[in-house]
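In terms of the UniProt record's numbering, the sequence shown has 215 at position 215, counting the first letter as 1, and numbering is strictly consecutive.
The beta-carbon is built from N, C-alpha and C at its ideal position, and this holds for glycine as well.
None of the values given here were measured: they were computed from a predicted structure.
A short worksheet on the structure shown next.
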Amino acid sequence: MTINLRPADQCRYDLVSLGEVMLRLDPGEGRIHTTRQFQAWEGGGEYNVARGLRRCFGLTTGIVTALADNPIGRLVEDLMLTGGVDTQWVQWFDYDGVGRTVRNGLNFTERGFGVRGAVGAADRGNTAASQLKPGDIDWDDLFGKQGVRWFHTGGIYAALSETTPDVVLEAVQSAHRHGTVVSYDLNYRPSLWQAIGGHAKCQDVNRKIAQHVDVMIGNEEDFTACLGFEVDGVDENLSKLDVTNFKKMIERATAEFPNFKATATTLRGVKTASINDWSAIVWHAGQFHQSRQYEDLEILDRVGGGDSFASGLIYGFLTTGDAAEAVQYGAAHGALAMTTPGDTSMASLKEVEKLKSGGSARVVR
């Protein structure tokens with residue numbers, strides 16, 4: 001099956017994402033528990049895809065999320081506006097002055113270096129986005145009257161509360177009624193699931209959502225933890241991956257979920273926090289296509305690399321319809337995103353196309 005896209009002239013948006021947007025507090029080269037200052041960014045697994053498609057690739061995107069209406073929420077809004085993502089669909093919750101009933105999510109993340117891995121400490125309980133429930137968003141207006149070519153969401157948002165899986169299901173079903181392509185990044189986070197049913201709940205939720213997904217994205221851990229498909233050939237440090245066995249796993253997944261029109265994954269070999277091997281594979285129309293391999297890729301900040309891969313992949317499908325080109329765009333964009341701080345991409349389309357075509361890192365003057 002191929003990916004059929006709605007005509008651009010019939011849609012207000014190229015892509016809309018559903019997910020939580022958090023305030024990331026970044027200690028830079030320091031550590032969370034010893035720093036005395038933080039750089040503020042916005043970020044969120046699903047949002048990062050919309051932002052990358054807007055800022056790097058120049059497409060028209062929007063975000064469906066919720067924020068508590070206080071200065072922190074307005075700071076996150078200001079950062080999203082800087083990123084160019086349409087905030088019309090942000091739901092604002094009244095703030096009680098304390099945070100007993102609703103709050104905004106904070107994400108403290110240090111980058112890691114060498115033998116010291118990256119560390120994240122999220123503070124996101126009882127957030128506005130986690131309290132969205134079915135009926136809060138007029139999806140038929142968004143997908144029908146406004147028009148959206150591609151809808152993206154993922155397993156991070158689905159894990160936030162008892163109600164968010166139902167919000168995801170309501171959204172993807174409406175998207176399909178109106179001919180919108182749906183992508184989903186499994187993005188398995190054990191810490192998010194442990195308080196709401198653990199691994200069993202994770203698989204139950206994700207397998208229900210998977211039935212309504214056109215393009216499924218995830219790494220080897222995601223497919224195993226969220227959908228129950230095992231992969232062989234991975235060592236304990238995830239530094240080696242047997243691509244042949246991984247392909248077999250994808251083939252089993254697509255056989256069980258015949259609605260998948262494409263399936264994609266990044267392939268990361270972790271040598272140190274600062275040096276990774278990096279590439280990606282996409283399955284589409286019965287064929288696998290692998291990107292060029294970036295060996296010994298130097299990492300400044302790995303957070304958001306997978307999201308930037310997803311946005312590049314989606315850009316490739318939207319503009320070329322060619323899976324082989326799409327995976328190259330995704331891998332190049334993900335690689336560049338990890339050379340800059342913050343969750344979101346600071347790359348340009350020109351830089352992505354240069355790297356995708358084998359360009360070097362020589363100085364540009």
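Excluding sequence positions up to five away, which residues of its chain have a Cβ less than 6 Å from the Cβ of residue i?
i	result
residue 367	Outside the shown range of the chain, which is 1 to 365, sits residue 367, and nothing can be said about it.
residue 290	281
residue 70	95
residue 240	Bear in mind that the predicted position of residue 240 carries a pLDDT of just 49, short of 50, making it unreliable; the figure below should be weighed with that in mind. Once the five neighbours on either side are set aside, residue 240 has no close Cβ partner at all.
residue 399	With the chain running from 1 to 365 in the structure shown, residue 399 is simply not present.
residue 12	146, 147
residue 178	143, 144
To which residues of the same chain is residue i closer than 7 Å at the C-beta, ignoring the five residues directly before and after it?
i	result
residue 329	312, 313, 315, 316, 352, 356
residue 88	62
residue 164	130, 132, 157, 158
residue 7	none
Answer with buried or exposed for residue i, where buried requires no fewer than 16 other C-beta atoms within 10 angstroms of its C-beta.
i	result
residue 347	buried
residue 152	buried
residue 145	exposed
residue 1	exposed
residue 10	exposed
residue 285	exposed
residue 191	exposed
residue 27	buried
residue 172	buried
residue 100	exposed
residue 195	exposed
From the options, pick the residue whose C-alpha is nearest to that of residue i; which is it?
i	options	result
residue 342	253, 120, 257	120
residue 271	84, 299, 2	299
residue 169	199, 163, 209, 335	209
residue 59	1, 83, 359, 243	83
residue 301	310, 36, 339, 331	339
residue 52	199, 247, 323, 332	332
residue 306	64, 214, 275, 49	49
residue 160	100, 172, 201, 150	201
residue 75	284, 22, 252	22
residue 439	274, 211, 288	With the chain covering 1 to 365 only, the question about residue 439 has no answer from this structure.
residue 56	309, 27, 275	309
residue 292	117, 326, 3	326
residue 66	260, 86, 85, 90	90
residue 358	295, 116, 303	295
residue 122	149, 323, 258, 32	32
residue 367	320, 198, 193, 212	Given a span of 1 to 365 for the chain in the structure shown, any question on residue 367 remains unanswerable.
Can you list, in chain order, the residues of its chain whose CB lies under 8 Å from that of residue i, leaving out five sequence neighbours each side?
i	result
residue 206	155, 158, 186, 226, 227
residue 102	68, 93, 94, 95, 96, 126, 127, 128, 131
residue 30	110
Worksheet entry | Cβ contact check for the region 186-198 and the region 278-296: 3 or more pairs under 8 Å | no
Worksheet item: Taking the runs of the alpha helix (DSSP H) that are 4 residues or longer, which of them lie wholly in the region 332-362?
Response: 349-356
Practice prompt. Assess, as a yes-or-no matter, whether the region 4-24 is touched by the region 35-47 under the definition of 3 or more beta carbon pairs within less than 8 Å.
Written response: yes
Practice prompt. With a floor of 3 residues, list each beta strand (DSSP E) that falls wholly inside the region 173-242, ordered by position along the chain.
Written response: 181-185, 215-217
Practice prompt. Could you pull out every unbroken beta strand (DSSP E) segment of at least 3 residues lying fully inside the region 90-158, listed in chain order?
Written response: 90-93, 106-110, 119-123, 148-154
Discussion item. Count Cβ pairs between the region 79-93 and the region 25-42 that sit closer than 8 Å; are there 3 or more?
Written reply: Using a Cβ-Cβ distance cut-off of 8 Å, the region 79-93 and the region 25-42 are in contact, since at least three pairs of beta carbons, one from each stretch, lie closer than that value.
Worksheet item: Can we say the region 97-107 touches the region 137-149, given the rule of at least three CB pairs closer than 8 Å?
Response: Contact check between the region 97-107 and the region 137-149: fewer than three CB pairs, one atom from each, fall below 8 Å, which does not count as touching.
Practice prompt. Write down every uninterrupted run of the beta strand (DSSP E) in the region 42-90 whose length is 3 residues or greater and which is fully enclosed by it, in chain order.
Written response: List check, beta strand (DSSP E) in window: 61-68.
Fill in: Validate contact between the region 213-227 and the region 251-270 using beta carbons, cut 8 Å, 3 pairs
yes
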